[in-house]
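Enquirer: As numbered in the working numbering, residues 332 to 549 make up the sequence shown, in order.
Glycine included, C-beta positions come from ideal geometry on N, C-alpha and C.
This structure is a prediction, so every number in the text was calculated from the model and none was measured.
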Amino acid sequence: MKYKVAYIDEDKGWINTFYQTFKNDFDILRIEVNPQSSVEEILKLLLSSDLNAIVTDYLLEENAEVPFNGNKIVEEIKRLKPHFPLVMLTSYPTQAIGQTDDVHIIYNKNILSVENDREREELEVFRTKIHSNISNYYKKIEDTNSKIEHLIEKRNNNGLEIQEEEELTKLYILFDELNPDGKDLPANLIHRDSITKLSEFVSETKEILEELKKLNQK
Numbered sequence: 332m333k334y335k336v337a338y339i340d341e342d343k344g345w346i347n348t349f350y351q352t353f354k355n356d357f358d359i360l361r362i363e364v365n366p367q368s369s370v371e372e373i374l375k376l377l378l379s380s381d382l383n384a385i386v387t388d389y390l391l392e393e394n395a396e397v398p399f400n401g402n403k404i405v406e407e408i409k410r411l412k413p414h415f416p417l418v419m420l421t422s423y424p425t426q427a428i429g430q431t432d433d434v435h436i437i438y439n440k441n442i443l444s445v446e447n448d449r450e451r452e453e454l455e456v457f458r459t460k461i462h463s464n465i466s467n468y469y470k471k472i473e474d475t476n477s478k479i480e481h482l483i484e485k486r487n488n489n490g491l492e493i494q495e496e497e498e499l500t501k502l503y504i505l506f507d508e509l510n511p512d513g514k515d516l517p518a519n520l521i522h523r524d525s526i527t528k529l530s531e532f533v534s535e536t537k538e539i540l541e542e543l544k545k546l547n548q549k
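#1: Could you name each continuous alpha helix (DSSP H) segment of 4 residues or more that falls completely within the stretch 361 to 426, going from the start of the chain to the end?
#2: I need the boundaries of the alpha helix (DSSP H) containing V456, first residue and last residue.
#3: Kindly indicate which three-state DSSP category V434 falls into: helix, strand or coil?
#4: Give the DSSP-derived three-state secondary structure of D342 in the structure shown.
#5: Assess contact between the stretch 396 to 416 and the stretch 468 to 477, defined as three or more Cβ pairs (one per stretch) separated by less than 8 angstroms. Is contact present?
#6: Can you tell me whether DSSP reads N439 as helix, strand or coil?
#7: Specify the secondary structure class of D356 as computed by DSSP and reduced to three states.
#8: Using 8 angstroms as the cut-off, can you tell me whether the stretch 360 to 369 makes contact with the stretch 387 to 399, which would need three or more C-beta pairs spanning the two stretches below that distance?
#9: Say yes only if the C-beta of N365 is nearer than 7 angstroms to one or more non-hydrogen atoms of the ligand GTP, and no if none qualify.
#10: Beta-carbon within less than 6 angstroms of R523's beta-carbon, same chain only, minus the 5 sequence neighbours each way: which residues are those?
#11: So if DSSP puts Y334 in a beta bridge, which residue, or which two residues, is it bridged to?
#12: Once you ignore the five residues that flank E440 on each side, which residues in its own chain have a CB closer than 8 angstroms to its CB?
#13: Assess, as a yes-or-no matter, whether the stretch 442 to 450 is touched by the stretch 424 to 433 under the definition of 3 or more beta carbon pairs within less than 8 angstroms.
#14: If you reduce the DSSP assignment to three classes, tell me which class E555 lands in.
#15: Determine whether the beta carbon atoms of K335 and F349 lie at a separation below 8 angstroms.
#16: Would the beta-carbon of L360 fall within 8 angstroms of that of A384?
#17: Can the beta-carbon of L374 be found less than 8 angstroms from the beta-carbon of E406?
#18: For T352, which residues of its own chain have a beta-carbon under 6 angstroms away from its beta-carbon, when the five flanking residues on both sides are left out?
#19: Output the distance between the C-alpha atoms of S472 and K478, rounded to the nearest integer angstrom.
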């Protein structure tokens, strides 16, 4: 099964170029923005489309009076899903770098214009990076779930050292940030707002373990 990737741009030509370049690699959701588009509208579409990655043009206002640029979409997705695979393509990398916190997601749009072997190799590296970013994201989710289950089982049987309690706390926070497909751990099992000691972080370990197993079965 192909990964599903959204591509956002205001230019139909670039949308078609991206689609033709990667249609054999990914299931591509093409999103054309216009002056009537809003960040809220785009976010709603992205979050309801069961995506594995998002690629957006930076300068969305270049050929249309779009009231926002791609960095705003990136900011909102990172706020909701900090680890989700994101890429920003742009013909203006210097400008995009100045407007984006994570400079590592920025790539020159010319990478889609292949005219020689060197550029073909660069495109292949880019394609591989998208695949790797997605697979690494889901590997992180799996690893986080497994580590939480292991520590909860150990806590039930033998108790945890203080370092392990601290690790469990960090894993819960990471679990919440990853939040794949809305499958978040019920808040009543975490009691994060009422934590005063690490030992109070979880009071119902068996219930948490059961909840995690249910999530992994979905």
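Expert: The answer reads as follows:
#1: The DSSP assignment places 370 to 378, 401 to 411 as complete runs of the alpha helix (DSSP H) inside the stretch 361 to 426, in order along the chain (cut-off: 4 residues).
#2: By one-based count along the sequence shown, residue 456 stands at place 125. In the DSSP annotation of this structure, the continuous segment of the alpha helix (DSSP H) that includes V456 starts and ends at 448 to 488.
#3: On the sequence shown, position 103 is the one that residue 434 refers to. When DSSP states are grouped into helix, strand and coil, V434 belongs to the helix group.
#4: Counting from one through the sequence shown, the residue named residue 342 turns up at place 11. D342: coil per DSSP, three-state reduction.
#5: Contact check between the stretch 396 to 416 and the stretch 468 to 477: three or more CB pairs, one atom from each, fall below 8 angstroms, which counts as touching.
#6: Your numbering for residue 439 matches position 108 in the sequence shown. Of the three classes helix, strand and coil, the one that applies to N439 here is strand, per DSSP.
#7: To locate residue 356, count along the sequence shown from 1; it is residue 25. D356: coil per DSSP, three-state reduction.
#8: These segments touch.
#9: Ligands in the displayed structure: none, and consequently the ligand GTP is not present.
#10: Sequence index remark: in the sequence shown, residue 523 carries index 192 (1-based). At R523 the pLDDT is 41, less than 50, meaning the model places this residue with poor confidence; the figure from the coordinates comes in the next sentence. For R523, there are no CB contacts under 6 angstroms within the same chain when 5 residues up- and downstream are skipped.
#11: The count along the sequence shown starts at 1 and reaches residue 334 at position 3. DSSP lists F357 as the bridge partner or partners of Y334.
#12: As a first step, residue 440 is located in the sequence shown; it is residue number 109 there, counting from the start. Just to set this straight, residue 440 is Lys in the shown sequence, not Glu. Hits under 8 angstroms: W345, D388, L420, T421, S422.
#13: Short answer: they don't touch.
#14: Shown here, the chain extends from 332 to 549; a query on residue 555 therefore has no answer.
#15: Position 4 of the sequence shown, counting from 1, holds the residue named residue 335. Position 18 of the sequence shown, counting from 1, holds the residue named residue 349. 8 angstroms or more divides the Cβ of K335 from the Cβ of F349.
#16: Residue 360 sits at position 29 when you count from the first residue of the sequence shown. Residue 384 sits at position 53 when you count from the first residue of the sequence shown. Taking 8 angstroms as the cut-off, the Cβ atoms of L360 and A384 do not count as close.
#17: The residue given as residue 374 occupies position 43 in the sequence shown. The residue given as residue 406 occupies position 75 in the sequence shown. In this structure, L374 sits away from E406, with a CB-CB distance that is not shorter than 8 angstroms.
#18: Numbered from its first residue, the sequence shown carries residue 352 at position 21. So the qualifying residues of the chain are L443.
#19: Position 141 of the sequence shown, counted from the start, is the residue given in the question as residue 472. Position 147 of the sequence shown, counted from the start, is the residue given in the question as residue 478. In the sequence as displayed, the identity of residue 472 is Ile instead of Ser. The alpha-carbon atoms of I472 and K478 are separated by roughly 10 angstroms.
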